[in-house]
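First up is the structure itself, then whatever we jot down about it.
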Amino acid sequence: MSTAVVGALQAATVVVAVRSGRRDYADGVWGPGLAAVAVTGAVVGRGDPWRRWALAAATTAWATRLERLMLGRLRGADEEDERYTEFLEGDPTPVVVAKVFGTQALAQILVSAPLQLAAASPLPRGRRRWLFPVGLGVMVLGGVVEAVADRQKAAFTAEKQRAKDAGEEAPEILDSGLWGWSRHPNYFGDSLVWDGAWLAAAASAPGGWTVPAPIAMSYFLVYATGAKRTEDRMEERPAYRDYQDRVAFFLPRPPRSR
Numbered sequence: 017m018s019t020a021v022v023g024a025l026q027a028a029t030v031v032v033a034v035r036s037g038r039r040d041y042a043d044g045v046w047g048p049g050l051a052a053v054a055v056t057g058a059v060v061g062r063g064d065p066w067r068r069w070a071l072a073a074a075t076t077a078w079a080t081r082l083e084r085l086m087l088g089r090l091r092g093a094d095e096e097d098e099r100y101t102e103f104l105e106g107d108p109t110p111v112v113v114a115k116v117f118g119t120q121a122l123a124q125i126l127v128s129a130p131l132q133l134a135a136a137s138p139l140p141r142g143r144r145r146w147l148f149p150v151g152l153g154v155m156v157l158g159g160v161v162e163a164v165a166d167r168q169k170a171a172f173t174a175e176k177q178r179a180k181d182a183g184e185e186a187p188e189i190l191d192s193g194l195w196g197w198s199r200h201p202n203y204f205g206d207s208l209v210w211d212g213a214w215l216a217a218a219a220s221a222p223g224g225w226t227v228p229a230p231i232a233m234s235y236f237l238v239y240a241t242g243a244k245r246t247e248d249r250m251e252e253r254p255a256y257r258d259y260q261d262r263v264a265f266f267l268p269r270p271p272r273s274r
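In terms of my numbering, the sequence shown opens at residue 17 and continues consecutively.
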C-alpha cells in the first residue's frame, strides 16, 4: 500500500514537472510522500493504534511545515534550481524520471520503513514499550530544532536584504542562535525526527531492524542533498572558513572562541 501511495504521488509530480520544465518540483513532494505513508499506515495498519496515529500526526506536522518552506522557495524562483539543471543536463525524460523521481520514491520507502513497521506491529508489555514515547519525544524535539533553525535563517536573510537595500554593511554569516552551535542545525533537527521515528518503531522487536532508515536519512542530509553541498558552495568565503573553525559541522556543541 505504501509503495502504491508513493508511486502515485511521484507519478503526478512527474507530469507537472516535465510539462513545466521544473524538475526541482521533486523537492515539493518529499514531505507529502512521507506523510502519506504515515497516514496510510495509521488507516490500514493493525498495530497499536496510539502509536500509529501519533507517528502519523508527528510526521504530518513535520511535513506540513517543510512543505510550506519548499513551496515558498519553488514559487519564489522563476527558473529551475541550478542543482537539478547541472545534474540532469542533456538527460532525456526517461532518465530524468529514473534519476530524480524514481530514486526519491525508493528513498521515501526506505526512510519510512519504521513508520510502516510500527503501523503493523503491536507494542510489547515490557520495558521496551517505553521506546515509543521516548522516540515520539525525540521526533518532536527534532521538529522544533529544525523549525527554529529555519526561522532564524529566514530572519537573518531578511536582515541581510534590509541592510543591503539601505546601503549598510550586511552581515556575512549567520553564527548566532542555533547556528552558533552547529553549521547545519536545520539538517540536524531533521535527522532527529527520523531517529525518533526509528526509536518509536523499535519498541517492537522487529522495528530495530529498520535502523538502515535513519542512517540513510542522515546520509541524505549530510552528503547527498544537504550539508556537504552547502559547505562546498560557501567554503571559498573567508568569513565562512572562520565560521568553520569556530562552529561544529553537524552535531551541536558550544562554539570555540575566536
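C-beta atoms are modelled at their ideal positions from N, C-alpha and C, and glycine is treated no differently.
For ALA182, no alpha helix (DSSP H) run applies, since DSSP gives it neither H nor E.
In the three-state reduction of the DSSP assignment, THR241 falls in the coil class, being assigned neither a helical nor a strand state.
When the beta-carbon positions are compared, ALA264 and PRO271 come within less than 9 angstroms of each other. Per DSSP, ARG91 is one residue of the alpha helix (DSSP H) stretching across 65-91. Looking at the backbone, the Cα of ARG67 and that of VAL32 are separated by about 35 angstroms.
DSSP places GLU175 within a helical segment (H, G or I) once states are collapsed to three. The beta carbon of PRO268 lies closer than 6 angstroms to those of TRP197, SER198 in the same chain, with the five residues before and after it left out. A contact is defined here as three or more CB-CB pairs under 8 angstroms, and the segment 68-82 meets this definition with respect to the segment 44-52. A straight line joining the alpha-carbon of VAL154 with that of GLY183 spans about 43 angstroms.
The way I'd put it, the segment 201-219 does touch the segment 122-133; three or more beta-carbon pairs between them come closer than 8 angstroms. ARG245 and GLY57 have their C-alpha atoms some 33 angstroms from each other. In this structure, the beta-carbon distance from ALA42 to GLN120 falls below 9 angstroms. Rounded to whole angstroms, the separation of the alpha carbons of PHE204 and MET233 is 11 angstroms.
Comparing C-alpha distances from ARG144 to each of VAL164, GLU252, VAL60, GLY223 shows the shortest one belongs to GLY223. Secondary structure at SER128: coil, using DSSP grouped into helix, strand and coil.
Cβ-Cβ distances below 8 angstroms link LEU87 to GLY44 in the same chain, with the five nearest sequence neighbours on each side left out; the list follows chain order. When secondary structure is reduced to three states using DSSP, GLY61 falls in the coil class, being assigned neither helix nor strand. In chain order, ARG39, ASP40 place their CB closer than 7 angstroms to the CB of TYR100, counting only its own chain and leaving out the 5 sequence neighbours on each side. Counting only the Cα atoms, GLU95 lies some 10 angstroms from SER36. Non-local beta-carbon contacts of GLY118 in its own chain, meaning distances under 8 angstroms to residues more than five positions away in sequence, involve GLN26 in chain order. Every unbroken stretch of the alpha helix (DSSP H) spanning 4 or more residues and falling wholly within the segment 186-243 is given here in chain order: 201-217, 228-235. For TYR256, the uninterrupted alpha helix (DSSP H) segment begins and ends at 254-262. Note on TYR239: under 16 other CB atoms within 10 angstroms of its CB, so exposed under the neighbour-count rule. Per the C-alpha coordinates, the member of VAL30, ASP64, ALA28, LEU237 positioned closest to ARG141 is ASP64. When DSSP states are grouped into helix, strand and coil, PHE265 belongs to the coil group. Straight-line spacing of the CA atoms in LEU85 and LYS169 works out to 12 angstroms. The C-beta distance from GLY151 to GLY106 rounds to 44 angstroms, too long to meet the 8 angstroms contact threshold.
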